[in-house]
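Straight run, no breaks: the sequence shown in our numbering ends on number 439.
Heads up, the beta-carbon is just placed ideally off N, CA and C, and yes, glycines get one too.
Computed from a predicted model, the values in this text were never measured in an experiment.
The structure appears right after this line, and notes come after that.
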Amino acid sequence: MEVISTGSNNVKTTFIRTSKFKTIDIDVAFIGSFSKENATKRSLLTRLLTASTKKYPSKKALANKLYDLYNATLAISAYPSYKTSVTVFHLSIVNPKYAGGDAALLPEALAFLREVIFNPNAKDGAFSEKDWREQKRILRDNIKNIYNNKSRYALRELLRNMSRDEIISVSSLGAIEDLDPLTASDVYATYREMLEKENVVIFVTGDFDDKEMLGQLKILGDFKDNPKPEETVSEEERAVEKVKEVVEKQNINQAKLLMGFRTDVNTKSDKFPAALLFNAIFGGTFTSGLMQVVREEHSLAYYIASQIINDLKILIVTAGIDQNQYQLASDLVIKQLESYKAGNISDDLIAIGKENIVNELLEIGDSPRKLNAFHLRNYLHGMDISIPEMVEKIKNIAKEDLVTVARGIALDTVFLLAGEDYDG
16 MEVISTGSNN VKTTFIRTSK FKTIDIDVAF IGSFSKENAT KRSLLTRLLT
66 ASTKKYPSKK ALANKLYDLY NATLAISAYP SYKTSVTVFH LSIVNPKYAG
116 GDAALLPEAL AFLREVIFNP NAKDGAFSEK DWREQKRILR DNIKNIYNNK
166 SRYALRELLR NMSRDEIISV SSLGAIEDLD PLTASDVYAT YREMLEKENV
216 VIFVTGDFDD KEMLGQLKIL GDFKDNPKPE ETVSEEERAV EKVKEVVEKQ
266 NINQAKLLMG FRTDVNTKSD KFPAALLFNA IFGGTFTSGL MQVVREEHSL
316 AYYIASQIIN DLKILIVTAG IDQNQYQLAS DLVIKQLESY KAGNISDDLI
366 AIGKENIVNE LLEIGDSPRK LNAFHLRNYL HGMDISIPEM VEKIKNIAKE
416 DLVTVARGIA LDTVFLLAGE DYDG
């Protein structure tokens, strides 16, 4: 595998050249600001851009064109990285050498991608009324359905209660109160702002000649040469003065326990690899400490897991429990963390955790889309590290490094979603 950084169309371009895949995968990423004010607009914009273009004015027309491109795949995704919004246009096509050497395939695919990015189904400064009504309805339903998915609802409420004035409280899906007053011209203005003011980067993975690919990428046209936003990861130091405890009652059978912790590690930190490994050991795998202690030994959880969100400097524990075991279960989570802070981490657990993380890293190399995403994250967070280098960092982590990470973790908020009969 060879990674080449170059430039095309006024933007930074990265080629990940490998003969491992029979596809060529192209990502064009727009990078701008993420806030409460634009989250819902961006969420709806992604759906509208996926629905149609002027040349292909329906989902069926788009699908037919993708079929003509040897069953190519198009996806548009949007997600936040701290206070930064990332919108990725992803196109995967079969490598022309596996399509009978069809020399027209790549330029035709790039022309299609250009159509999707630059020629939406809009007129007079507003998106198509038909698409607008349909996609707004679908987004409204998706937002409302969070309430019915109790795990997602509980996570949203935990983040909202951790700090209502922080970006972590903002849902990237959007909010009903922000969606209802939106007009088709409002979201079109957001689209124009994306084109005019946001930073753009391109990633291409596959087996190709880099000079030829540079020439072909000119088909996409020129992008604006805008600087990358700075706030891609949290640099804030938030001391926990008092742990917040929030209990909500609904008509449910299985209670949801969520515990939000503050950490002192972000993706740019030297401790980032150790934080990944610590999460795997704490609750990130089926062999983790929380699984062994809370679920297996004490039978206090139907499921339990942890996840670390390094761009926000938080760690979250989620568990499905009997509501009457709330105090016991939450106490055991804290006890397990305190045990790790004291250095009680077995060599076997460390070895298993390392193996899991290393395998996850190596699996990135099995997916062109994951490879593009890995290098995009490097760019976003100002990192310059390869997968083999990250693997070596994981392998060289010592127990003391994990203890240091553990000691930088503090409980901030506990959220319990319990049944209506809960009297705790």
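Counting along the chain, Leu77 sits inside the alpha helix (DSSP H) bounded by residues 74-83. By the C-beta criterion, the segment 178-185 is judged to be in contact with the segment 43-58, since at least 3 inter-stretch pairs fall below 8 Å.
Assigned with DSSP and collapsed to three states, Gln150 falls in helix. Asn339 carries a helical assignment under DSSP once its states are collapsed to helix, strand and coil. In this structure, the beta-carbon distance from Ile153 to Arg62 falls below 8 Å. Per DSSP, the unbroken beta strand (DSSP E) holding Met274 starts and ends at 270-277. Setting aside the 5 residues that flank it on each side, Pro122 is surrounded in the same chain by Gln231, Ile234, each with a C-beta closer than 8 Å to its C-beta; the list follows chain order. Per the coordinates, the alpha-carbon of Pro383 lies some 15 Å from the alpha-carbon of Ala44.
Residue pairing from DSSP places Gln322 in a beta bridge opposite Ile331. 8 Å or more divides the Cβ of Gln351 from the Cβ of Gly380. One Cα belongs to Lys414, the other to Lys151, and the distance between them is close to 50 Å. About 7 Å separates the CB atoms of Asn25 and Lys239; that is less than 8 Å, so the two are in contact. The beta carbon of Met177 lies closer than 8 Å to those of Ile183, Ser184, Lys259, Gly275, Ile329, Asp427, Thr428 in the same chain, with the five residues before and after it left out. In the structure shown, Asn374 adopts helical secondary structure according to DSSP, grouped into three states.
Inter-residue distance for Arg129 and Lys264 is about 49 Å (C-alpha atoms, whole angstroms).
When the Cα atoms are used, Ser354 and Ile360 turn out to be separated by approximately 8 Å. Runs of the alpha helix (DSSP H) lying entirely within the segment 22-68 and spanning at least 4 residues, in chain order: 54-66.
In terms of Cβ geometry, Ile331 and Ser345 do not form a close pair [threshold 8 Å]. Counting every other CB atom within 10 Å of its CB across the protein chains shown gives Gly299 a total of 16 or more, marking it as buried. Note on geometry: alpha-carbon atoms of Ile336 and Ile267 lie some 12 Å from one another. Using a Cβ distance threshold of 8 Å, Lys37 and Asn110 count as a contacting pair.
Straight-line spacing of the CA atoms in Lys356 and Leu364 works out to 15 Å.
Taking 8 Å as the cut-off, the Cβ atoms of Ala289 and Asp416 count as close.
Classified as buried, Ile402 has 16 or more neighbouring CB atoms from the shown chains inside 10 Å of its CB. In the pairwise beta carbon analysis, the segment 243-251 is classified as touching the segment 276-283: at least three pairs are separated by under 8 Å. In this structure, the alpha-carbon of Glu208 lies about 47 Å from that of Tyr341.
Straight-line measurement puts the Cα of Ile108 at about 7 Å from the Cα of Asn86. A distance below 8 Å separates the beta carbons of Leu386 and Ile31.
Within the segment 378-430, the complete alpha helix (DSSP H) runs of at least 4 residues fall at 383-395, 402-410, 414-422. Under DSSP, Asn214 forms a beta bridge with Ile46.
Straight-line measurement puts the Cα of Leu197 at about 21 Å from the Cα of Pro95. Linking Ala295 to Leu273 through their CA atoms gives a straight-line distance of about 17 Å.
Of all alpha-carbon atoms in Gln269, Ala366, Thr29, the one lying nearest the alpha-carbon of Lys165 is that of Gln269.
As the crow flies, the alpha-carbon of Ala114 is around 18 Å from that of Thr33. In the DSSP assignment, Ala289 falls within the alpha helix (DSSP H) that extends over 287-294. The shortest C-alpha to C-alpha distance from Val406 to any of Leu377, Ala366, Ala425, Leu120 is the one to Leu377.
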